[in-house]
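**Q** Protein chains in written order, with this note's numbering: chain X, 1 to 524; chain A, 1 to 465.
Quick one: this structure, given as structure tokens, is what I'll be asking you about.
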Amino acid sequence: MLILLPILLLILTALTLVILRLARPTFKYSWLIASGGAILALIAVFLWQLRLPQTLALPAWQLQAFFFYSPTWLADSVSWPYALSLTALALAIILTSVVRAKVNPMAWAGMFMLTALGLLAVTAENPLTLVLAWTALDLMELVSMLLSVESEEQSEGVVVAFAARLAGTGLVIWASILSVTSGTWLSFSNVPARAGIYFLLASGLRLGVLPLHLPYRHENTLRRGFGSSLRLVSAASSLVLLARIPASAVNTSLTPYLLTLAALAALYAGWMWLRASDELTGRPYWLLGMASLAVAASLRANPTGSIAWGVALLLGGGYLFLNSARQRSLIWLSLFALWGLTALPFSLTASGWSMHSTYSGGAQISALFWILFLPAQALLLAGYFRHSSNVGETSLESQPPWVKVIYPLGLLLLPLSQVLLGLWGWEGARQVGVWWAALTALALGAGLAWLSTKVLTRLTSSDATSRWGDVLRLNWLYRGAWGMYRSLGQVSQVITSTLEGDGGVIWSFIILLLALSLLIPGIR
Amino acid sequence: MSAALIWIFLPFGLALILGPLRNERLTAGLASGASFILALTAWLLPLDTAIRAGTFSLKIASSLEILGRYLILNSADRPLLTLIYATTCFWFTAAAAIKMAQRLIPLGLGITALLVASLAVEPFLYAALLIEMAVLLAVPLLSPPDHAPARGLFRFLIFQTLAMPFILFSGWLLTGIEANPGDLALVMQAAVLLGLGFTFLLAIFPFNTWIPLLTEEAPPYSAGFILWTFPTTALLFALGFLDRYSWLRTAPQLPNILIIAGLLMVLSGGLLAAFQRHLGRLLGYAVIVEGGFSLLALSLSGTTGLNLFFLLLIPRVFSLGIWSFSISILKEHSPSLRFSEVKGLMRTLPFAAAGALLAHMSLAGVPLLAGFPIRQALWEGLARQSFGVAFGVLIGSLGLLIGLIRSLAVLCMVPESRRWEARESWPERIFLTLGALALIILGLFPQWATPLLVRLPSVFEHLGQ
Chain X
1 MLILLPILLL ILTALTLVIL RLARPTFKYS WLIASGGAIL ALIAVFLWQL RLPQTLALPA
61 WQLQAFFFYS PTWLADSVSW PYALSLTALA LAIILTSVVR AKVNPMAWAG MFMLTALGLL
121 AVTAENPLTL VLAWTALDLM ELVSMLLSVE SEEQSEGVVV AFAARLAGTG LVIWASILSV
181 TSGTWLSFSN VPARAGIYFL LASGLRLGVL PLHLPYRHEN TLRRGFGSSL RLVSAASSLV
241 LLARIPASAV NTSLTPYLLT LAALAALYAG WMWLRASDEL TGRPYWLLGM ASLAVAASLR
301 ANPTGSIAWG VALLLGGGYL FLNSARQRSL IWLSLFALWG LTALPFSLTA SGWSMHSTYS
361 GGAQISALFW ILFLPAQALL LAGYFRHSSN VGETSLESQP PWVKVIYPLG LLLLPLSQVL
421 LGLWGWEGAR QVGVWWAALT ALALGAGLAW LSTKVLTRLT SSDATSRWGD VLRLNWLYRG
481 AWGMYRSLGQ VSQVITSTLE GDGGVIWSFI ILLLALSLLI PGIR
Chain A
1 MSAALIWIFL PFGLALILGP LRNERLTAGL ASGASFILAL TAWLLPLDTA IRAGTFSLKI
61 ASSLEILGRY LILNSADRPL LTLIYATTCF WFTAAAAIKM AQRLIPLGLG ITALLVASLA
121 VEPFLYAALL IEMAVLLAVP LLSPPDHAPA RGLFRFLIFQ TLAMPFILFS GWLLTGIEAN
181 PGDLALVMQA AVLLGLGFTF LLAIFPFNTW IPLLTEEAPP YSAGFILWTF PTTALLFALG
241 FLDRYSWLRT APQLPNILII AGLLMVLSGG LLAAFQRHLG RLLGYAVIVE GGFSLLALSL
301 SGTTGLNLFF LLLIPRVFSL GIWSFSISIL KEHSPSLRFS EVKGLMRTLP FAAAGALLAH
361 MSLAGVPLLA GFPIRQALWE GLARQSFGVA FGVLIGSLGL LIGLIRSLAV LCMVPESRRW
421 EARESWPERI FLTLGALALI ILGLFPQWAT PLLVRLPSVF EHLGQ
């Protein structure tokens with residue numbers, strides 16, 4: 001029952017906020033209720049540590065002859081870091097909202113519901129539970145985004161994102177069917193090698209990494225709190241799957257190609273993140289870049305490494321996206337957050353570059369791997385430094401004294417969670433890691449950060465750059481697929497108009513006779 | 001008192017009484033109340049057993065003789081009657097919200113009574129005639145009085161009528177087989193004729209063109225009702241044949257024939273749905289895919305197939321009802337349901353657009369919605385038998401999903417900076433909200449529908465064992 005506690009607390013807080021908003025629109029203590037609910041939810045997640053692992057199952061879907069699974073949730077060393085990150089993020093959003101002029105309790109309620117759904121996703125014990133939680137999140141994201149878009153292009157992006165997520169969900173269902181054909185009932189504790197790669201593709205597709213796609217490239221950047229929660233919770237729900245893929249399930253001939261695709265996505269995202277005018281404009285690239293590193297870790301049979309990059313995406317990204325009011329004296333907080341992303345010994349991402357002993361593809365691709373992925377990490381680090389040293393939207397110095405206390409506390413919560421998770425988050429988190437790779441990436445990142453302050457500000461977007469962007473974003477591939485779809489549409493149009501036209505009945509009989517002449521000898 | 005009097009003649013009589021009524025709410029209230037009571041009595045009242053209340057005693061006889069023919073509804077049929085009248089109640093309750101009650105209910109109740117009679121009649125060959133009568137009764141329902149009948153209606157009439165002689169003739173041959181079971185030539189002839197009859201009746205490809213045409217041309221809610229009642233009755237009628245004739249039931253070719261027919265329907269419906277540009281036609285293709293799923297469920301061995309067949313029904317009726325209800329509202333506010341005409345309607349009719357999309361998702365097997373658990377079970381069941389069939393079924397479902405994504409893209413496209421508003425009436429909003437909740441609840445707790453469905457296989461004495 002402890003699993004349910006934070007989820008219930010978040011839902012209860014959301015409902016309270018909605019009811020108060022509708023019944024008493026002038027109610028002044030919504031923030032207190034919201035922060036109280038978020039603090040209690042965070043404590044409830046800490047309470048999971050009293051008994052790990054623990055499961056919670058809904059009543060079985062009868063008839064048992066058909067339904068081998070029922071929705072079940074599991075709190076264990078994989079789900080706990082993600083759950084802690086999500087609840088910490090929710091609390092940080094509420095605490096940092098004190099600096100923002102326009103705060104809406106309804107947006108907080110939405111954010112709490114999202115976090116609750118995110119918790120249901122990251123604690124999913126089997127693929128069935130995961131796809132249910134994914135769909136709930138996808139529908140919520142779809143509605144939220146459709147309510148906020150203002151142009152045809154934006155609404156198209158929302159639909160494309162929804163379609164990609166649905167395709168990812170479909171891949172998990174496909175994996176479960178494949179598993180059944182080999183006589184195994186799919187669960188996270190028993191992933192056949194044949195099905196594991198589909199989990200990875202599903203997660204990669206939902207994250208926009210495999211293949212590279214960015215439906216929210218021009219998203220509405222106004223909403224720091226709810227917008228960040230929407231993006232990060234959704235990413236967390238997909239990232240958790242990477243950590244559930246056993247090392248044996250990714251050892252396929254496809255792995256080097258998938259790694260190359262992930263590397264391209266990481267490099268492209270890193271470059272765009274570094275070049276972005278601010279952290280909110282660059283948010284989609286941050287998510288893509290860090291998710292690519294998580295996918296790469298999983299591809300290298302290092303599921304715990306994917307947790308490291310995944311949690312860093314949430315906490316590091318959350319810190320930067322919520323940091324709207326800046327003060328020179330708080331720069332140490334940003335450096336503290338940055339440390340968690342460096343993969344240095346005993347940092348949050350120290351296990352990010354480790355490699356599983358059973359992984360056999362390392363020898364062939366290791367050189368290429370480092371050449372591609374270390375610059376990608378460096379670009380992400382440099383971009384992080386660049387955006388965190390910007391002046392920000394407002395200054396903290398002009399805020400009332402109580403805000404000057406609450407706001408940094410909200411921000412501090414996220415780097416503190418990074419430290420905590422880096423040391424005790426999951427089995428294998430606390431380690432030296434591949435220190436030389438971390439140092440290389442850090443040095444490269446420092447150089448890029450310096451260059452970015454000198455050169456990048458003078459760079460303007462050229463036609464050549466946008467053409468390369470098109471190539472890397474695989475727009476040519478999507479245009480080709482669209483062209484093929486249109487051609488098939490014309491074929492379907494011919495079939496439909498023939499069968500439904502004036503001669504349609506005759507055509508139907510001819511087809512029937514043809515089918516009978518083919519089938520009857522076979523039946524005999 | 002006989003069961004046929006309660007569940008056939010009473011609703012038929014009520015249909016005649018409701019015909020001249022001009023009050024939407026009264027018509028809907030009376031018809032849905034009556035359907036609810038009929039469903040409840042079917043659920044509660046035992047047949048052929050005396051019910052005593054003090055000195056009062058009542059026994060409902062299962063059989064009624066009319067001119068040497070019988071209408072038999074026995075105790076095993078009660079779950080089926082409950083399902084039929086409960087779903088009829090659902091359709092009629094919602095009809096008033098979109099001002100379809102006067103048009104749909106009298107004819108709909110008559111059609112339901114005739115179709116129940118077709119399942120009860122002995123000799124069962126008369127069922128073909130009763131189905132044909134129901135088809136004729138559907139004509140005024142599908143063709144508005146001020147419009148000339150369109151192509152879809154003609155096709156519906158032609159193909160359903162063509163089914164009748166084939167089934168009657170095969171029935172005649174089947175009586176010969178009963179007398180002389182060793183005559184293989186006769187068995188072959190009967191099987192081919194029966195197959196042809198059901199090809200027309202079940203709208204198996206390529207005789208399914210009337211379905212998308214009908215959903216394009218006819219009022220969507222009436223079309224939805226017809227596309228729920230007729231294919232379901234036809235499938236039950238087909239099950240009756242299988243149950244009755246052991247040579248048919250045990251024919252080694254039967255599973256393959258069911259798989260081929262089912263796969264054809266799923267693939268043709270799904271793939272063509274992927275390229276449609278009309279919300280009504282998409283509903284039609286989804287119905288074709290549903291028919292295919294039913295046949296594929298029956299192809300699974302043992303009682304598994306029959307159980308899955310019945311489990312498919314509840315999500316189907318909810319999804320079809322909500323989908324056709326939603327697009328009826330959209331059609332009211334738009335010249336047609338073509339994609340070019342419904343662009344951006346989500347901003348002005350958000351409940352209706354969401355209802356149509358959720359129902360579409362449910363029938364496409366999207367998780368969290370009513371259609372998913374059963375489809376998942378069916379996919380896995382098929383995968384255990386044949387990977388190729390499971391793959392084909394997934395391709396068909398993918399086609400439906402592509403249709404869904406395109407509908408979503410069109411409905412939420414914002415041609416100009418249009419504000420959000422909700423133009424639906426309150427009853428429409430309430431019905432759609434309840435419908436969406438029902439789809440989600442059944443998606444999360446499919447076991448809540450099993451008390452009704454678990455007894456249904458016993459309707460078929462041999463198949464259900």
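Every residue, glycine too, gets a C-beta built ideally from N, C-alpha and C.
Note that the structure is a prediction, hence the values are computed from the model and not measured.
Using a Cβ-Cβ cutoff of less than 6 Å, which residues in the same chain neighbour GLY410 (chain X) once the five nearest sequence positions on both sides are dropped?
**A** Excluding positions up to five away in sequence, the list reads ALA92, LEU95, THR96.
**Q** Going straight from the alpha carbon of ALA127 (chain A) to that of LEU5 (chain X), what length do you get?
**A** Rounded to whole angstroms, ALA127 (chain A) to LEU5 (chain X) spans 57 Å at the Cα level.
**Q** Out of A:ASP48, A:SER63, A:LEU64, which has the shortest C-alpha to C-alpha gap to SER57 (chain A)?
**A** Per the Cα distances, A:ASP48.
**Q** Could you give the residue range of the alpha helix (DSSP H) that holds LYS454 (chain X)?
**A** Note, LYS454 (chain X): alpha helix (DSSP H), 435 to 454.
**Q** Which term fits TRP339 (chain X), buried or exposed, when burial requires 16 or more other beta carbons within 10 angstroms of its beta carbon?
**A** Buried.
**Q** Does the region 96 to 114 of chain A come within contact of the region 167 to 182 of chain A, defined as at least 3 CB pairs closer than 8 Å?
**A** Judged by Cβ distances under 8 Å, the region 96 to 114 of chain A makes no contact with the region 167 to 182 of chain A, as fewer than three pairs qualify.
**Q** Report the three-state DSSP secondary structure of PHE56 (chain A) (helix, strand or coil).
**A** Correct three-state label for PHE56 (chain A): strand.
**Q** Kindly give me the distance between the Cβ atoms of ILE288 (chain A) and ALA203 (chain A), rounded to whole angstroms, as I take these residues to be in contact under 8 Å.
**A** Their Cβ separation, rounded to whole angstroms, is 7 Å, which keeps ILE288 (chain A) and ALA203 (chain A) in contact under 8 Å.
**Q** Please look up how many angstroms separate the CB atoms of SER319 (chain A) and SER362 (chain A), rounded, as I've assumed it's under 8 Å.
**A** With 8 Å as the limit, SER319 (chain A) and SER362 (chain A) qualify as a contact, their Cβ atoms being about 4 Å apart.
**Q** For GLN276 (chain A), which option in A:SER62, A:LEU213, A:LEU345, A:VAL393 has the closest C-alpha, if you only look at C-alpha atoms?
**A** For GLN276 (chain A), the nearest C-alpha among the options comes from A:LEU213.
**Q** Under a Cβ-count criterion, where at least 16 other Cβ atoms within 10 Å of its own Cβ denotes burial, should PRO106 (chain A) be classed as buried or exposed?
**A** Buried: at least 16 other Cβ atoms inside 10 Å.
**Q** Should TYR485 (chain X) go down as buried or exposed, given a rule of 16 or more other Cβ atoms within 10 Å for buried?
**A** Exposed is the call here.
**Q** Whole angstroms is fine: what's the gap from ALA266 (chain X)'s alpha carbon to THR87 (chain A)'s?
**A** Whole-angstrom Cα-Cα distance: 53 Å.
**Q** Give me the Cα-Cα distance between HIS466 (chain A) and ARG338 (chain A), rounded to the nearest whole angstrom.
**A** Residue 466 (chain A) lies beyond the stretch modelled for chain A, which goes from 1 to 465, so this question has no answer here.
**Q** Quick check on GLN49 (chain X): buried or exposed, where buried means 16 or more other Cβ atoms within 10 Å of its Cβ?
**A** GLN49 (chain X) is exposed by the Cβ-count criterion.
**Q** Thinking just about the alpha-carbon of each residue, which of A:PHE207, A:LEU283, A:GLY108 is nearest to the one in GLY503 (chain X)?
**A** Comparing Cα-Cα distances from GLY503 (chain X) to each of A:PHE207, A:LEU283, A:GLY108, the minimum goes to A:PHE207.
**Q** With 8 Å as the C-beta to C-beta threshold (strictly closer), list the residues of the region 268 to 298 of chain A near chain X in chain order.
**A** Cβ contacts with chain X: LEU271, LEU272, ALA274, PHE275.
**Q** Measuring only the C-alpha atoms, how far is ALA363 (chain X) from PRO375 (chain X)?
**A** Caution is warranted here: a pLDDT of 47 is assigned to ALA363 (chain X), below 50, making its placement in the model unreliable, and the coordinate value is therefore given only provisionally. Approximately 20 Å, taken between the alpha carbons.
**Q** Would you give the residue range spanned by the beta strand (DSSP E) that LEU71 (chain A) belongs to?
**A** Taken as a continuous stretch (DSSP letters only), the beta strand (DSSP E) holding LEU71 (chain A) covers 69 to 72.
**Q** So SER492 (chain X) contacts chain A; which residues on that side make the cut at Cβ distance below 9 Å?
**A** The contacting residues are LEU271, LEU272, ALA274, PHE275, GLN276.
**Q** Return no unless some Cβ of chain X is closer than 8 Å to the Cβ of ARG423 (chain A).
**A** Chain X, which has no Cβ nearer than 8 Å to the Cβ of ARG423 (chain A), makes this no.
**Q** Taking only three categories from DSSP, how would you classify ALA75 (chain X)?
**A** Here ALA75 (chain X) sits in strand by DSSP.
**Q** Determine the extent of the beta strand (DSSP E) in which LEU47 (chain A) is found, giving its start and end residues.
**A** LEU47 (chain A) -> no beta strand (DSSP E), and no H or E assigned at all.
**Q** Give the interface partners of TRP379 (chain A) over in chain X, defined as CB-CB distance under 7 Å, in chain order.
**A** Within chain X, the residues near TRP379 (chain A) are ILE177.
**Q** How about ALA363 (chain X): is its C-beta nearer than 8 Å to some C-beta of chain A?
**A** Model confidence at ALA363 (chain X) stands at a pLDDT of 47, short of 50, so the residue's coordinates are unreliable; what they give is reported in the following sentence. Chain A contact via Cβ: absent.
**Q** Quick check on DSSP: helix, strand or coil for GLN54 (chain X)?
**A** In the structure shown, GLN54 (chain X) sits in a strand (DSSP, three-state: E or B).
**Q** Which residues in the same chain have their Cβ closer than 7 Å to the Cβ of VAL366 (chain A), if we skip the five residues on either side of it in sequence?
**A** Around VAL366 (chain A): PHE372.
**Q** To the nearest angstrom, report how far apart LEU516 (chain X) and GLY269 (chain A) are at their CA atoms.
**A** When rounded, the distance between both Cα atoms is 20 Å.
**Q** Give me the Cβ distance between TYR245 (chain A) and LEU174 (chain A), rounded to the nearest whole Å; I'm assuming they're in contact under 8 Å.
**A** That pair is a contact at about 7 Å.
**Q** Answer yes or no: do ALA262 (chain X) and LEU313 (chain X) have a C-beta to C-beta separation smaller than 8 Å?
**A** Cβ distance not < 8 Å, so ALA262 (chain X) and LEU313 (chain X) don't count as in contact.
**Q** By DSSP, does GLU122 (chain A) sit in helix, in strand, or in coil?
**A** Strand.
**Q** So, under 8 Å CB-CB, ALA175 (chain X) and PRO246 (chain X) are touching, yes? Tell me the CB distance rounded to an integer number of Å.
**A** That belief does not hold up - the Cβ atoms of ALA175 (chain X) and PRO246 (chain X) are roughly 13 Å apart, past 8 Å.
**Q** Nearest to LEU312 (chain A) by CA position, among A:SER75, A:ILE51, A:LEU83, is which residue?
**A** Of the listed residues, the one whose Cα sits closest to LEU312 (chain A) is A:LEU83.
**Q** Would ALA378 (chain X) and ALA438 (chain X) be called neighbours here (beta carbons separated by less than 8 Å)?
**A** Not closer than 8 Å, so no.
**Q** Quick one: what's got a C-beta closer than 7 Å to ALA109 (chain X)'s C-beta in the same chain, skipping five residues either side?
**A** Correct list, in chain order: ALA14, LEU17, VAL18.
**Q** Alpha carbon to alpha carbon, how far is GLY270 (chain X) from ALA449 (chain A)? Give it in angstroms, no decimals.
**A** Spanning the two alpha carbons is a distance of roughly 51 Å.
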